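Enquirer: Got a structure here, written out as C-alpha coordinates. Questions coming.
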Amino acid sequence: MLYNPKGEHVMGDAFVMSSRQASELDFAFERNGWTPADVKKLSVGDMLAQVLPVVRGSGKVEIVRHIIDCDANPFTPNSWKVEEHRKGGELTWNPTKVNLHLSPNQIGDKVIRGDKLRKELASEPVLNANVLDYLLAHPNLIPEEWKGKAVFFWGTIYRVSDGNLYVRYVYFLGGRWRWDYRWLDRGWRVGNPAARLAS
(Lines of atoms letter the chains of each structure in order from A and count residues from 1; the text may use other names and numbers.)
(Lines give C-alpha, C1' and ligand atoms only; values in the text may rest on other atoms or scores of the structure.)
Protein backbone atom coordinates (compact mmCIF):
# COMPACT_ATOMS: atom_id res chain seq x y z
CA MET A 1 0.00 0.00 0.00
CA LEU A 2 1.34 3.42 -0.97
CA TYR A 3 0.67 6.75 0.70
CA ASN A 4 0.52 10.15 -0.95
CA PRO A 5 1.91 13.32 0.73
CA LYS A 6 -1.47 13.92 2.43
CA GLY A 7 -1.34 10.51 4.08
CA GLU A 8 -4.13 9.07 1.88
CA HIS A 9 -3.92 5.45 0.83
CA VAL A 10 -3.34 5.06 -2.92
CA MET A 11 -2.76 2.01 -5.09
CA GLY A 12 -0.75 3.10 -8.12
CA ASP A 13 -2.90 5.68 -9.90
CA ALA A 14 -6.18 4.43 -8.37
CA PHE A 15 -7.80 6.46 -5.64
CA VAL A 16 -8.59 4.59 -2.43
CA MET A 17 -10.59 6.44 0.21
CA SER A 18 -9.19 6.37 3.72
CA SER A 19 -11.42 5.55 6.66
CA ARG A 20 -10.97 9.17 7.83
CA GLN A 21 -12.29 10.50 4.50
CA ALA A 22 -15.21 8.04 4.59
CA SER A 23 -16.06 9.27 8.08
CA GLU A 24 -15.88 12.94 6.97
CA LEU A 25 -18.23 12.21 4.07
CA ASP A 26 -20.60 10.29 6.34
CA PHE A 27 -20.90 13.25 8.73
CA ALA A 28 -21.18 15.74 5.84
CA PHE A 29 -24.01 13.78 4.21
CA GLU A 30 -25.92 13.65 7.50
CA ARG A 31 -25.26 17.33 8.30
CA ASN A 32 -26.61 18.40 4.89
CA GLY A 33 -29.77 16.30 4.95
CA TRP A 34 -28.77 13.54 2.52
CA THR A 35 -30.63 10.24 2.57
CA PRO A 36 -29.21 6.79 1.73
CA ALA A 37 -31.18 6.99 -1.54
CA ASP A 38 -29.44 10.31 -2.39
CA VAL A 39 -26.00 8.77 -1.77
CA LYS A 40 -26.91 5.79 -3.94
CA LYS A 41 -27.90 8.11 -6.81
CA LEU A 42 -24.61 9.97 -6.42
CA SER A 43 -22.68 6.74 -6.97
CA VAL A 44 -24.58 5.63 -10.09
CA GLY A 45 -23.14 6.06 -13.59
CA ASP A 46 -21.22 9.30 -14.21
CA MET A 47 -23.01 11.38 -11.56
CA LEU A 48 -19.76 12.04 -9.68
CA ALA A 49 -18.10 13.18 -12.92
CA GLN A 50 -20.91 15.72 -13.34
CA VAL A 51 -20.43 16.99 -9.78
CA LEU A 52 -16.62 17.21 -10.00
CA PRO A 53 -16.48 20.54 -11.94
CA VAL A 54 -18.56 22.15 -9.16
CA VAL A 55 -16.19 20.79 -6.50
CA ARG A 56 -13.15 22.09 -8.44
CA GLY A 57 -14.70 25.53 -9.03
CA SER A 58 -15.12 25.27 -12.80
CA GLY A 59 -18.86 24.54 -12.75
CA LYS A 60 -21.96 25.80 -11.00
CA VAL A 61 -25.14 24.32 -9.59
CA GLU A 62 -28.35 25.36 -11.28
CA ILE A 63 -31.56 24.50 -9.45
CA VAL A 64 -34.25 23.12 -11.75
CA ARG A 65 -37.71 24.33 -10.82
CA HIS A 66 -40.54 21.95 -11.67
CA ILE A 67 -43.63 24.07 -12.29
CA ILE A 68 -46.96 22.28 -12.71
CA ASP A 69 -49.95 24.00 -14.31
CA CYS A 70 -52.79 22.95 -12.02
CA ASP A 71 -55.27 25.09 -14.00
CA ALA A 72 -54.88 23.10 -17.23
CA ASN A 73 -57.47 20.55 -18.26
CA PRO A 74 -56.44 17.18 -16.80
CA PHE A 75 -55.56 14.08 -18.78
CA THR A 76 -58.83 12.23 -19.43
CA PRO A 77 -58.73 8.56 -20.46
CA ASN A 78 -60.99 7.41 -23.30
CA SER A 79 -64.72 7.55 -22.53
CA TRP A 80 -64.09 9.27 -19.17
CA LYS A 81 -65.42 12.70 -18.24
CA VAL A 82 -64.18 15.15 -15.66
CA GLU A 83 -66.76 15.50 -12.89
CA GLU A 84 -64.73 17.92 -10.76
CA HIS A 85 -61.34 19.54 -11.25
CA ARG A 86 -60.03 21.87 -8.54
CA LYS A 87 -57.70 24.37 -10.13
CA GLY A 88 -54.67 25.55 -8.21
CA GLY A 89 -52.65 27.87 -10.43
CA GLU A 90 -48.95 27.20 -10.94
CA LEU A 91 -47.44 24.83 -8.40
CA THR A 92 -43.67 24.73 -7.98
CA TRP A 93 -43.05 21.15 -6.91
CA ASN A 94 -41.48 20.85 -3.49
CA PRO A 95 -42.09 17.55 -1.69
CA THR A 96 -41.54 19.24 1.69
CA LYS A 97 -44.65 21.35 0.99
CA VAL A 98 -46.83 18.28 0.38
CA ASN A 99 -48.08 15.84 2.97
CA LEU A 100 -50.01 12.61 2.91
CA HIS A 101 -53.34 13.29 4.59
CA LEU A 102 -55.39 10.67 6.37
CA SER A 103 -58.90 11.10 7.70
CA PRO A 104 -59.34 10.06 11.34
CA ASN A 105 -61.70 7.47 9.82
CA GLN A 106 -58.77 5.82 7.96
CA ILE A 107 -56.38 5.42 10.86
CA GLY A 108 -55.73 2.03 12.44
CA ASP A 109 -58.24 -0.56 11.30
CA LYS A 110 -60.86 2.00 10.26
CA VAL A 111 -62.22 2.13 6.72
CA ILE A 112 -64.14 5.01 5.13
CA ARG A 113 -66.12 4.94 1.90
CA GLY A 114 -64.82 7.13 -0.88
CA ASP A 115 -67.97 9.22 -1.22
CA LYS A 116 -67.78 10.14 2.50
CA LEU A 117 -64.06 10.81 2.29
CA ARG A 118 -64.65 13.11 -0.68
CA LYS A 119 -66.97 15.22 1.47
CA GLU A 120 -64.40 15.34 4.29
CA LEU A 121 -61.75 16.52 1.82
CA ALA A 122 -63.95 19.23 0.28
CA SER A 123 -62.19 22.00 2.21
CA GLU A 124 -58.70 20.47 2.12
CA PRO A 125 -56.04 21.69 -0.37
CA VAL A 126 -55.77 18.33 -2.12
CA LEU A 127 -53.71 18.07 -5.29
CA ASN A 128 -55.31 17.37 -8.65
CA ALA A 129 -54.52 14.87 -11.41
CA ASN A 130 -52.22 17.34 -13.21
CA VAL A 131 -49.74 16.83 -10.37
CA LEU A 132 -50.14 13.05 -10.60
CA ASP A 133 -49.36 13.06 -14.33
CA TYR A 134 -46.41 15.43 -13.92
CA LEU A 135 -44.92 13.18 -11.26
CA LEU A 136 -45.37 10.11 -13.45
CA ALA A 137 -43.48 11.95 -16.21
CA HIS A 138 -40.73 12.81 -13.67
CA PRO A 139 -40.73 9.80 -11.30
CA ASN A 140 -37.45 10.90 -9.70
CA LEU A 141 -39.49 13.66 -7.99
CA ILE A 142 -41.77 11.23 -6.16
CA PRO A 143 -40.74 10.90 -2.50
CA GLU A 144 -39.37 7.50 -1.44
CA GLU A 145 -41.76 7.41 1.50
CA TRP A 146 -44.70 7.16 -0.92
CA LYS A 147 -43.62 3.62 -1.79
CA GLY A 148 -45.90 0.98 -0.29
CA LYS A 149 -48.90 3.33 -0.43
CA ALA A 150 -51.60 4.22 -2.94
CA VAL A 151 -51.47 8.04 -2.99
CA PHE A 152 -54.72 9.63 -4.21
CA PHE A 153 -55.18 12.94 -6.04
CA TRP A 154 -58.65 14.00 -4.93
CA GLY A 155 -58.52 17.37 -6.71
CA THR A 156 -59.81 15.65 -9.86
CA ILE A 157 -62.83 13.35 -9.87
CA TYR A 158 -63.81 11.45 -13.01
CA ARG A 159 -67.07 9.93 -14.18
CA VAL A 160 -66.52 6.76 -16.18
CA SER A 161 -68.78 5.36 -18.90
CA ASP A 162 -70.55 3.14 -16.35
CA GLY A 163 -71.73 6.34 -14.61
CA ASN A 164 -69.66 5.79 -11.48
CA LEU A 165 -67.20 8.28 -9.96
CA TYR A 166 -63.50 7.48 -9.71
CA VAL A 167 -60.33 9.09 -8.38
CA ARG A 168 -56.82 8.32 -9.65
CA TYR A 169 -53.77 7.40 -7.60
CA VAL A 170 -50.07 6.56 -7.96
CA TYR A 171 -48.34 3.49 -6.58
CA PHE A 172 -44.98 1.76 -6.94
CA LEU A 173 -44.86 -1.77 -8.35
CA GLY A 174 -42.35 -3.81 -10.32
CA GLY A 175 -39.62 -1.20 -10.02
CA ARG A 176 -41.63 1.72 -11.40
CA TRP A 177 -44.40 4.19 -10.57
CA ARG A 178 -47.82 3.56 -12.11
CA TRP A 179 -51.34 4.97 -11.90
CA ASP A 180 -54.70 3.38 -11.37
CA TYR A 181 -58.14 4.49 -10.18
CA ARG A 182 -60.69 3.56 -7.53
CA TRP A 183 -64.46 3.69 -7.46
CA LEU A 184 -65.80 6.03 -4.77
CA ASP A 185 -68.08 3.28 -3.45
CA ARG A 186 -65.01 1.38 -2.24
CA GLY A 187 -63.21 1.70 1.09
CA TRP A 188 -60.13 3.80 1.91
CA ARG A 189 -57.71 2.56 4.56
CA VAL A 190 -54.53 3.76 6.23
CA GLY A 191 -52.45 2.92 3.14
CA ASN A 192 -54.57 5.20 0.93
CA PRO A 193 -53.62 8.80 1.84
CA ALA A 194 -54.54 11.94 -0.07
CA ALA A 195 -51.78 14.15 -1.48
CA ARG A 196 -52.38 17.65 -0.13
CA LEU A 197 -50.51 20.91 0.26
CA ALA A 198 -49.06 21.33 3.73
CA SER A 199 -50.70 24.13 5.70
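Take 20 as the starting number for the sequence shown in the numbering used here and just add one per residue. Glycine included, every Cβ here is placed at the ideal spot set by N, Cα and C. Source: prediction; values computed, not measured.
Tell me which residues share the same chain as F94 and place their Cβ nearer than 6 Å to its Cβ, disregarding the 5 neighbours each side in the sequence.
Expert: By 1-based counting over the sequence shown, the position of residue 94 is 75. If we look at F94 and ignore the five residues flanking it on each side, its Cβ neighbours are D152.
Enquirer: Give the straight-line distance between the Cα atoms of V73 and I176, rounded to the nearest whole angstrom.
Expert: Counting from 1 along the sequence shown, the entry for residue 73 is found at position 54. Counting from 1 along the sequence shown, the entry for residue 176 is found at position 157. The straight-line gap from Cα to Cα measures roughly 45 Å.
Enquirer: Candidates A91, Y185 and S77: which alpha carbon is nearest R132's?
Expert: Taking the sequence shown and counting its residues from 1, the one referred to as residue 132 is at position 113. Residue Y185 is the option with its Cα nearest to R132.
Enquirer: My output table needs one value for G206: the three-state DSSP class, helix, strand or coil.
Expert: Taking the sequence shown and counting its residues from 1, one reaches residue 206 at position 187. Here G206 sits in strand by DSSP.
Enquirer: Please list the segments of the alpha helix (DSSP H) lying wholly inside the stretch 39-102, counting only runs of 4 or more residues, in order along the chain.
Expert: Counting only runs of 4 or more, we get 55-61 and 66-74.
Enquirer: Measuring alpha carbon to alpha carbon, tell me which residue in G167, E109 and E143 is nearest A213.
Expert: In the sequence shown, the residue the question calls residue 213 occupies position 194. Per the Cα distances, E143.
Enquirer: Taking three-plus beta-carbon pairs below 8 Å as touching, is the stretch 92-106 in contact with the stretch 159-178?
Expert: Contact holds: three or more Cβ-Cβ distances are below 8 Å.
Enquirer: Go ahead and pull the three-state DSSP assignment for V35.
Expert: Taking the first residue of the sequence shown as 1, we reach residue 35 at position 16. V35: coil per DSSP, three-state reduction.
Enquirer: Measuring straight from C-alpha to C-alpha, what distance separates L140 and F191?
Expert: Against the sequence shown, residue 140 aligns to sequence position 121. Against the sequence shown, residue 191 aligns to sequence position 172. The straight-line gap from Cα to Cα measures roughly 24 Å.
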